[in-house]
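Have a look at the structure below, then the notes.
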Amino acid sequence: MKIFKPKNLLILLIVMFIIIQFVPVERTNPPQNAPIAVTGDVAQIMKSACYDCHSNTTVWPWYSHVAPVSWILSDHVRNGRRHLNFSAWNEYSKKKKLKKLDEIVEEIEKGNMPLAGYVKLHSEADLSTDQKQKLIAWANAAMDTASLK
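Numbers in my numbering are just positions in the sequence shown, counted from 1, shifted up by 1494.
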């Protein structure tokens, strides 16, 4: 008698899928202690293209509650916040802010941000050339302002 008949394998996969739903995943939005102050077009662009991974205001979609996708999303957000968290911007030193602003420009110019996988699921994050230029101009202006202080 074969144990791994297609029917048995399907039942095993379904049972495993159900079991993994009980593995806890961190989907938090900690308080914003020192958020960045941005207004106008730049604020809207950042909200639609950056904040889900790079702030404490993540909008967790329905599929973020379904394992194993929940594990991947939680990891992406945790890493995104670790690299750059706009909700903690004013906790950064001047040197760190300048470095992050430079990285923002570099990542946008290289086309690395927003992530392609994120853009596929969130069409509003697919930035136009004009939107990219606005973010780059904002970051460059912020670097100029910060370096003068």
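For glycine and all other residues, C-beta sits at the position ideal for the given N, C-alpha and C. All figures in this text were calculated on a predicted structure; none of them were measured in a lab.
Non-local beta-carbon contacts of PRO1608 in its own chain, meaning distances under 6 Å to residues more than five positions away in sequence, involve ALA1543, ALA1619 in chain order. Annotation: PRO1518 to PRO1525 spans about 21 Å, alpha carbon to alpha carbon.
Here ASN1550 is not near SER1587, since their CB atoms are 7 Å or more apart. Take VAL1599, set aside five residues on each side of it, and the residues of its chain with a beta-carbon closer than 7 Å to its own are ILE1630, ALA1633, ASN1634, in chain order. For ALA1640, same chain residues with a beta-carbon under 8 Å away, outside a window of 5 residues either side, are LYS1588, LYS1591, LEU1592, LEU1595 in chain order. LEU1507 is not a Cβ neighbour of HIS1548, given a cutoff of 7 Å. In the three-state reduction of the DSSP assignment, PHE1516 falls in the coil class, being assigned neither a helical nor a strand state.
Annotated as proximal: TRP1554 and ARG1521, with beta-carbon spacing under 7 Å. A residue is called buried once 16 or more other Cβ atoms fall within 10 Å of its Cβ, and ILE1513, having fewer, is exposed.
Secondary structure note for GLN1538: its alpha helix (DSSP H) is the uninterrupted segment 1534-1543.
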